[in-house]
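1 is the number that UniProt numbering gives to position 1 of the sequence shown; each next residue is one higher, with no gaps. Structure, as C-alpha cells:
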Amino acid sequence: LCYFVHRLLEFRCPEVESLLRMAGYSKDDIMWRLPAGNLEMSPCWYVNLPNESVAKSISNRCLLTKAFVEIWGEGSSIEELKESIMACDPSIKDPWFGEDVVFRVCVEGFGISLSMEEQLKFITTLNFLPFKGKVSLKKPDVIFHLIVSDCRSNDSLIDGDMPYRIYFGRQISTNDRHIIDSYALRRRAYIGPTSMDCEMSFLMCNQALVRKGHTVFDPYAGTGSILVAAAVRGAHVWGADLDLKILRDGKTSADGKNLTLHSNFEQYGLPQPVALLRMDAHTSPFRPGMEEIFDAIIGDPPYGVRAGGRKCGSAATGAMLSPECVFDGRRTHGPGEE
Ligand SMILES: C[S@@+](CC[C@H](N)C(=O)[O-])C[C@H]1O[C@@H](n2cnc3c(N)ncnc32)[C@H](O)[C@@H]1O
C-alpha cells in the first residue's frame, strides 16, 4: 500500500515511478491498482513493487509518499478488517509475532482526527493478533500502521464519494519530508515574488531524475530555487534568466547586505552554480546540439500569471547576444545589455 501525503495529488504516482526509474526499474516492473472506491484522490493506493528493498531505496527521496505498507488486511468495518487480516497468508504475518520483535502500532486518521482514546480503542481491536514481543514507542524494530480513512464529515477533502475504510499492515519504509522544512523559502536569504516553492522544486528534480554528478540547467533561474534543489541532490547547476538584475544585482537586506542567488548557495553550503547566463530562452545561445551536455533542463517559465514573459532584442536583429562579460570576479557571465 502506498500511503500518500494529501498534496499535489496528480504528482504522487508519477513521483514514485520516476524514483523507481532512477533505481533502475521500468514502469512495467510495478503495478498500480486503484484504491478502494476507485477514487484517484484516495490517500492509499495499491502498488506491487518487485521487492521490499526497492521501496526502501526510494523512500529517502519520495516527498509525496508517507509510507509504503505491506498490507495485511482492510475493510469497511472493524469486523471486516479482522476477517481480512485473519485471511492474510500466515507466512507474511508469522515472522513478526516472535518474542524478540519489538513493535509499535501507529493509528492515523485521514479526513478525521482521532483522539488518543479512539486510537487506543482501534489498537485494542487488534488483540486477536498473537504478538509476543515488547511494545516500544521510541525504538521499535517494526511499525504497524492502522489507517482509518473517514471523510464522512470532511467531504471537501475528496471530490467524490470516498468509502469508509480501515487498512492495517506492516511498514516497509517511511519518509519524513524534513527536506521541505530544511530548505523552506521563509528562511532563504534571497527570494522574490515568483520563487519556486521548495517542495515543488524538489519534486521537479525527482521528475527530472536528477542525481549526483548530473548537470542541470534552469533557463528561467530567477532566484534559483530549482537550482538549489538540484544542487542538494548533488548536481552541477547552470542557470539563466533574461533579467540581468535578478542574476547579478539581487537585492539589499534590511541590514544592508547584498543578497543574490549566490547567497542561497552559500547559506546551504552548496557548490556555487557552474555558470549563470543572461539569456533569452527564445533565442538559445547554445550551439545546436550543445543542450546535450545537460542531463536535465528544468524550468519554471513566466506563465503570465504573477510575471509575464519577455523577449530581448528585436525581431529584425534576431535578438543577437553580445560578448560575455564577467562580474564580481565570479565564474558567472552574461552578455551585455545593449
Ligand atoms: C516564474 S519566474 C522563475 C522563478 C524561479 N524559478 C525562482 O525560483 O525564482 C520566471 C523567470 O523567467 C524570467 N524570464 C522571463 N522571460 C524570459 C525569457 N524570455 N528568457 C529567460 N528568462 C525569462 C523572469 O525574469 C523570471 O525570473
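Just so you know, even glycine gets a beta-carbon here, dropped at the ideal spot from N, CA and C. Predicted, not measured: the structure shown is a model, and the values here were computed from it.
Point to revise | For PHE11 and SER18, the rounded distance between their alpha carbons | key: 10 angstroms
**Message:** Taking the beta carbon of PHE128 as the centre, do at least 16 other beta carbons fall within 10 Å, making it buried, or is it exposed?
**Reply:** exposed
THR260 beta carbon near ligand 1 (any heavy atom closer than 7 angstroms):
Because no heavy atom of ligand 1 lies under 7 angstroms away, the Cβ of THR260 does not count as near it: no.
Exercise. Assign CYS44 to one of three DSSP states: helix, strand, or coil.
Key: In the three-state DSSP reduction, CYS44 falls in the strand class (E or B).
Check the C-beta distance from PHE294 over to VAL216 and give it rounded, since I have them as a contact under 8 angstroms. 7 angstroms
Check: Is the region 191-202 touching the region 65-76 in the sense that three or more CB pairs, one from each, lie closer than 8 angstroms?
Finding: no
Taking the runs of the alpha helix (DSSP H) that are 4 residues or longer, which of them lie wholly in the region 44-81?
-> Whole alpha helix (DSSP H) segments, 4+ residues: 52-59.
* When DSSP labels each residue in this structure, what does GLU108 get in the three-state scheme? -> strand
Count the other CB atoms within 10 Å of the CB of LEU120; is the residue buried (16 or more) or exposed (fewer)?
exposed
Sorry if obvious, but does the Cβ on THR223 come closer than 7 angstroms to a heavy atom of ligand 1? yes
Identify whether HIS178 lies in helix, strand or coil by the three-state DSSP scheme. helix
Between which two residues does the beta strand (DSSP E) holding HIS6 run? From DSSP, HIS6 is part of no beta strand (DSSP E); its letter is neither H nor E.
Check: For ALA296 versus HIS236, is the C-beta distance shorter than 8 angstroms?
Finding: no
- request: Kindly list the residues whose CB is nearer than 6 angstroms to the CB of CYS106, restricted to its own chain and excluding five residues on each side of it in sequence; keep chain order.
  value: ILE143 and HIS145
Exposed or buried, ASP241, counting other C-beta atoms within 10 Å across all chains shown (16 or more means buried)?
buried
| query | Can ARG21 and LEU64 be called in contact, C-beta distance under 8 angstroms? | reply | no
| task | Taking all protein chains shown into account, decide if LYS257 is buried (16 or more other Cβ within 10 angstroms of its Cβ) or exposed. | result | Here LYS257 is exposed. Its C-beta has fewer than 16 other C-beta atoms within 10 Å.
query = Do you know whose CA, among VAL102, ILE30 and ALA281, lies nearest GLY239's CA?
reply = ALA281
*Endpoints, the beta strand (DSSP E) within which ILE147 is located*: 142-149
From the DSSP output, which residues share a beta bridge with TYR167?
GLU74 and ILE147
Enclosing alpha helix (DSSP H) for PHE122 [first to last residue]: Note, PHE122: alpha helix (DSSP H), 116-124.
Best match in LEU34, SER253, LEU114 and PRO140 for proximity to ILE172 [C-alpha to C-alpha]: PRO140
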